[in-house]
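Comments concern the structure below.
Residue numbers (UniProt numbering): 1 to 161.
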């Protein structure tokens with residue numbers, strides 16, 4: 001029995017190291033909720049939790065605001081996104097590794113409104129920034145804009161942009 005425990009412990013330790021020797025690490029947060037007025041939710045996988053100031057945001061998180069509420073997020077590169085009432089927002093991809101030339105900011109606004117203020121990703125590589133809606137994609141070439149997206153008529157079969 002002792003032999004199997006040692007074998008299991010060894011397998012566990014080996015599985016925590018990738019083939020090139022680097023340790024696996026948990027995904028890093030891409031941003032943080034800085035402001036909230038009213039009620040919001042962060043949906044991560046199948047779990048929904050109330051949004052709170054200081055809460056970390058990760059890639060693939062979906063952020064929703066209530067009918068009369070708003071929420072502000074600051075991303076690691078300094079990008080700021082403010083969500084208005086009744087918004088549904090998805091963080092699709094975020095990579096901020098300027099020293100390696102790896103930059104990506106891809107989000108979807110499914111409904112509601114947002115104000116976007118660009119950060120370092122847009123300054124260094126504007127083509128790496130995409131804000132998707134059910135009707136198209138906004139490419140960022142400036143520093144600030146506002147958008148309003150009405151709820152989808154669901155003729156799109158619920159597809160998330």
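Glycine residues also receive a C-beta, built at the ideal position from the N, C-alpha and C atoms.
Contact set for residue i: own chain, Cβ-Cβ below 7 angstroms, skip 5 residues either direction
i, result
"residue 14", "With a pLDDT of 46 at residue 14, under the threshold of 50, the modelled position of that residue is not reliable, and no figure is offered here."
"residue 93", "59, 104 and 106"
"residue 121", "77, 79, 96, 103, 105, 128 and 129"
Residue from the options with nearest C-alpha to residue i
i, options, result
"residue 131", "90, 96 and 125", "90"
"residue 70", "125, 88, 49 and 103", "88"
"residue 64", "109, 148 and 127", "109"
"residue 115", "74, 43 and 42", "74"
"residue 98", "126, 113 and 143", "126"
Cutoff 9 angstroms: residue i Cβ touching any chain D Cβ
i, result
"residue 136", "The displayed structure is made up of one protein chain only, and chain D is not part of it."
Rounded C-alpha distance that separates residue i from residue j
i, j, result
"residue 80", "residue 135", "23 angstroms"
"residue 28", "residue 103", "15 angstroms"
"residue 40", "residue 57", "13 angstroms"
"residue 76", "residue 86", "25 angstroms"
"residue 111", "residue 100", "34 angstroms"
"residue 21", "residue 31", "Model confidence at residue 21 stands at a pLDDT of 39, short of 50, so the residue's coordinates are unreliable and nothing is read from them."
Boundaries (first-last residue) of the alpha helix (DSSP H) holding residue i
i, result
"residue 123", "120-124"
Under the three-state DSSP convention, the category residue i falls into
i, result
"residue 50", "strand"
"residue 128", "helix"
"residue 55", "coil"
Span of the beta strand (DSSP E), counted from its first residue to its last, around residue i
i, result
"residue 41", "40-44"
"residue 37", "31-37"
"residue 92", "88-97"
Cβ neighbours of residue i in the same chain (closer than 6 angstroms, five flanking residues each side left out)
i, result
"residue 82", "72 and 115"
Nonlocal neighbours in the same chain, by C-beta distance under 8 angstroms from residue i, ignoring five residues either side
i, result
"residue 67", "85 and 86"
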